[in-house]
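One structure is given below, encoded as structure tokens.
Protein chains in written order, with the working numbering: chain A, 469 to 747; chain B, 469 to 747; chain C, 469 to 747; chain D, 469 to 747.
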């Protein structure tokens with residue numbers, strides 16, 4: 469929850485203040501119940517979308533699922549309106565990440581009223597799919613995710629270099645494999661060979677395309693053993709960054725003088741300003 | 469072994485005390501022999517259940533396996549009765565985790581006497597299957613597992629956040645793949661597409677469902693490379709927690725003079741200030 | 469960029485100096501634009517080679533791709549000439565790693581003019597393939613790669629020992645599997661069995677060759693579980709080395725007063741004794 | 469090389485001493501050349517065994533390979549005799565690990581002279597297979613392997629607990645899958661289901677057996693996600709132990725007073741005897 473929504477201005481109407489505390493806050497009992505209810509609604513609405521795609525379920529419960537769909541759309545529309553109205557800065561909420569996600573997840577159902585026809589139905593499904601983004605809200609509720617994000621964010625540059633190296637290797641190995649095996653063995657073009665190289669290096673190994681010649685098998689073996697070693701790199705990167713992020717999170721309270729928060733756990737003096745840290 | 473069973477009340481009959489020491493303790497020679505014998509009985513009884521399911525073995529040795537089954541059931545029943553009788557607090561034992569497992573692993577065989585018929589046989593097998601839970605007892609005997617459990621328990625919250633993120637990605641990628649490939653290419657519904665996404669992201673890659681269109685192969689490649697990076701996260705989490713758990717278990721109390729906390733386990737002098745460490 | 473090219477001799481002609489700064493340097497706006505333009509040209513030219521191999525694209529856009537191919541060849545030839553001319557030591561540039569790569573990536577297109585015929589075309593493609601090495605230049609532009617290379621270089625010896633052990637296991641397991649399953653189950657020779665062992669130990673698992681006998685499945689299970697444990701070794705090696713490389717790059721010189729060596733990179737005061745760190 | 473072979477008794481004949489230094493030692497030029505020559509002979513003899521199994525190679529070069537086989541056998545026999553004769557304690561050498569491997573790797577060729585016939589040939593191949601154990605000698609020559617062995621040896625107990633847990637999960641999941649999918653979907657018995665569970669949990673995923681029912685796919689998804697998390701444990705264990713082994717190897721020279729060699733890198737006092745460590 470953004471801190472700028474915390475401080476509700478005193479001039480606000482009392483009922484808007486109350487709605488704000490329930491919807492945006494999670495400190496009160498009502499606020500907690502609202503959050504849990506919302507979470508379950510999101511999960512259930514996603515499950516409905518998933519079930520609707522199963523042909524046998526659609527044939528038998530299509531009607532009921534459509535009705536449930538509209539109930540969820542109504543609920544989420546109401547929630548959006550309440551959030552917009554009760555927010556101290558409505559436009560800021562509407563333009564925030566979750567404000568946009570909230571809006572996008574209710575639009576597809578309304579669109580399906582105006583766009584009709586066989587072809588159109590498929591398009592609607594594509595938009596309706598965005599509904600599942602609502603599940604992303606769940607991340608918001610779990611504080612522990614911060615440490616993971618810090619570690620991933622710190623590893624970002626290293627992982628970019630790594631992905632770049634992998635892409636280069638995939639282009640080279642894909643091209644080599646296309647020349648060795650050729651279209652008659654399933655490697656119909658360099659992009660298809662690159663797809664095979666990705667399937668192999670990530671150790672997924674579907675087996676829809678496999679080398680058939682001796683030379684192809686030798687090169688594939690080299691790629692696999694190389695992938696084996698390469699797999700170690702992102703793991704090592706994240707391990708190291710997680711270790712650092714975790715160590716930092718074990719730190720003292722922030723320094724009283726300069727506010728530095730990332731103090732190593734054994735610190736007796738702030739490493740930025742030299743302030744002696746209290747007991 | 470729960471410590472509350474250690475202190476045998478003095479008022480107990482001598483033979484119960486002796487049985488208790490043999491069955492629950494592992495300090496005496498008899499106690500050790502009992503434990504090893506029990507362990508092998510569990511392994512053998514599980515192997516019997518496994519072999520019985522092989523058609524060719526069942527046809528030839530069905531009679532013998534049934535007899536062995538009853539011998540093991542008799543042995544384990546006797547063990548359960550002895551445990552119950554000799555325990556200082558029988559009901560507490562019966563309600564403990566391993567007390568319940570002990571009971572559940574002998575019930576199916578007795579049930580098979582009363583529930584008969586073709587359909588019933590299958591049901592009995594389901595219950596008999598629980599017999600394999602007995603193998604869980606083995607964990608109890610190895611002390612080293614504590615450090616692993618500490619590390620996994622400490623990573624619990626982070627792994628939950630991680631699994632949540634993975635589930636969200638699986639729903640999104642599964643839906644996207646369903647829309648791209650469609651039922652005609654094996655992606656018959658969103659749940660089936662999600663199964664494919666799990667098979668792909670975990671790098672299992674059966675190859676029973678594979679993308680056939682160019683767009684599907686591109687999305688699959690992105691999912692695989694993403695899975696590659698994501699695979700690093702749980703490994704990093706467990707590495708860091710294991711490092712901490714291992715460090716903790718290796719560390720003495722801190723040095724009294726200089727406060728150094730990371731002393732190697734065999735230390736008799738602080739490696740920083742030379743202070744003799746106390747007993 | 470090699471530092472020996474930085475110091476442009478004062479006796480050089482002014483225009484050569486200017487070209488040198490733009491092409492080899494990246495400090496000026498023109499230099500940055502040149503680098504970014506070159507990067508995109510490399511990516512686009514590689515994409516053209518990839519697309520040309522797709523039969524349907526080749527049939528429709530073969531003419532355009534050939535023309536694009538020649539435009540890129542002209543551009544890269546011009547770049548090579550300018551680099552050669554403006555370099556303070558042209559021969560040293562020509563013999564450097566990227567000098568050779570620059571040359572190799574333009575040769576295949578010119579060769580295709582003289583070597584003709586069906587068989588010859590295939591050979592040209594092989595040489596043209598080297599064009600993708602140009603993508604390696606991208607690594608040069610990202611400074612973060614240094615830490616990864618340090619870690620990999622430090623792990624080199626350990627990884628060699630590890631690969632040696634893996635190769636030994638692959639020979640032993642491949643031979644054993646050949647004897648157990650035999651040619652009638654797809655394991656046609658020991659090298660093919662070794663290919664299967666590599667596919668299995670690296671957890672790729674195509675499924676093009678799978679054990680069919682009970683003994684083969686048992687051995688395969690042992691190999692897989694062993695591979696599971698072995699997979700941990702390279703990851704552990706790289707994690708440890710990355711941790712060290714990362715720690716080193718983050719550390720100041722040690723504190724002069726108390727000797728603390730693991731100071732965070734932004735430290736201005738020692739976190740142990742409060743000493744102000746020198747410049 | 470075992471240190472007990474280092475000190476050659478003075479009473480030995482001069483030529484035996486010289487042979488000993490060349491064969492067992494690697495300090496002299498002759499000793500180094502012998503080691504490298506032996507290494508290449510082992511690799512070449514293994515390649516010959518591998519090639520002989522390829523039908524097309526056997527048909528064309530069977531004669532030459534058989535001759536090469538006998539040349540290598542003669543060389544290795546000579547080497548064995550020289551090692552035995554020149555060793556200060558011949559029987560101790562013969563009973564040592566590499567003494568036995570040396571003997572085992574030359575026996576199969578001689579055995580093939582007396583055991584003939586179609587069935588017999590296959591048996592000989594099984595014994596000849598042991599020849600590949602000779603490759604294990606290579607490990608001996610690379611000193612870097614010590615740190616890996618220390619780390620693996622320290623993780624031994626934890627990995628045993630881990631493998632035990634995995635085996636339990638495989639029995640439980642294998643049985644559950646057998647009951648859900650049944651023999652008609654390829655899960656013909658519990659052992660076969662366990663094989664499938666191993667293939668799935670280790671993320672190999674051949675795809676020779678795959679779940680076909682909805683319930684089977686759901687259970688398989690759970691197993692895969694669990695395997696994803698479990699994969700992290702051995703990696704974490706090895707990372708931590710490698711980190712420790714590597715830290716230890718970075719230590720000072722051993723303590724002058726008590727000889728303790730595993731001193732932490734920042735030590736100023738020996739943690740065993742309190743001796744102040746020199747500069």
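Beta carbons are placed, not taken as given, at the ideal position from N, Cα and C, and that holds for glycine.
Rounded to whole angstroms, what's the CA-CA distance from residue i to residue j? Just pull it up for me.
{"i": "residue 552 of chain D", "j": "residue 506 of chain D", "result": "16 Å"}
{"i": "residue 513 of chain A", "j": "residue 656 of chain D", "result": "39 Å"}
{"i": "residue 672 of chain A", "j": "residue 668 of chain D", "result": "11 Å"}
{"i": "residue 530 of chain A", "j": "residue 518 of chain A", "result": "12 Å"}
{"i": "residue 492 of chain B", "j": "residue 534 of chain B", "result": "29 Å"}
{"i": "residue 691 of chain D", "j": "residue 559 of chain A", "result": "45 Å"}
{"i": "residue 527 of chain B", "j": "residue 709 of chain B", "result": "50 Å"}
{"i": "residue 482 of chain A", "j": "residue 498 of chain A", "result": "16 Å"}
{"i": "residue 617 of chain D", "j": "residue 634 of chain C", "result": "14 Å"}
{"i": "residue 712 of chain D", "j": "residue 496 of chain A", "result": "48 Å"}
{"i": "residue 500 of chain D", "j": "residue 490 of chain D", "result": "8 Å"}
{"i": "residue 790 of chain C", "j": "residue 677 of chain C", "result": "No answer is possible for residue 790 of chain C: it lies beyond the span of chain C, which begins at 469 and ends at 747."}
{"i": "residue 577 of chain A", "j": "residue 541 of chain A", "result": "7 Å"}
{"i": "residue 508 of chain D", "j": "residue 522 of chain B", "result": "48 Å"}
{"i": "residue 556 of chain D", "j": "residue 623 of chain B", "result": "56 Å"}
{"i": "residue 548 of chain B", "j": "residue 571 of chain B", "result": "7 Å"}
{"i": "residue 567 of chain A", "j": "residue 632 of chain B", "result": "21 Å"}
{"i": "residue 543 of chain C", "j": "residue 574 of chain C", "result": "10 Å"}
{"i": "residue 563 of chain D", "j": "residue 525 of chain B", "result": "42 Å"}
{"i": "residue 684 of chain B", "j": "residue 675 of chain D", "result": "20 Å"}
How would you write the range of the alpha helix (DSSP H) that residue i sits in, first residue to last?
{"i": "residue 527 of chain A", "result": "523 to 554"}
{"i": "residue 513 of chain C", "result": "497 to 520"}
{"i": "residue 486 of chain C", "result": "482 to 492"}
{"i": "residue 797 of chain D", "result": "There is simply no residue 797 of chain D to check, as chain D begins at 469 and stops at 747 in what is shown."}
**Report entry** Contact between the region 657 to 675 of chain B and the region 651 to 663 of chain D (3+ Cβ pairs under 8 Å)
**Finding:** Between the region 657 to 675 of chain B and the region 651 to 663 of chain D there are fewer than three inter-stretch CB-CB distances shorter than 8 Å, so the stretches are not counted as touching.
Query raised in the report: What alpha helix (DSSP H) runs, 4 residues minimum, are completely inside the region 628 to 688 of chain D?
Result: 658 to 669
Query raised in the report: Is there contact between the region 692 to 702 of chain C and the region 688 to 702 of chain D, where contact requires at least three CB pairs shorter than 8 Å?
Result: Touching, per the Cβ criterion.
Query raised in the report: Is it true that the region 638 to 650 of chain D meets the region 631 to 647 of chain C, where meeting means three or more beta-carbon pairs spaced less than 8 Å apart?
Result: no
**Report entry** Members of the region 621 to 648 of chain D that neighbour chain B once the beta carbon cut-off is set at 9 Å
**Finding:** Within the region 621 to 648 of chain D, 625, 626, 628, 629, 630, 632, 633, 635, 636, 639, 640, 642, 643, 644, 646, 647 place their CB atoms closer than 9 Å to a CB of chain B, listed in sequence order.
Report task. Select from the region 675 to 695 of chain C all residues with a C-beta closer than 8 Å to any C-beta belonging to chain B, and list them in chain order. Result -> 675
Query raised in the report: Any residues in the region 498 to 531 of chain D with a beta carbon nearer than 7 Å to a beta carbon of chain A? Which ones, in chain order?
Result: none
Query raised in the report: Which residues, taken in chain order from the region 696 to 711 of chain A, show a beta carbon closer than 8 Å to some beta carbon of chain C?
Result: Flagged, chain order: 696, 697, 699, 700, 701, 703, 704, 705, 707, 708, 711.
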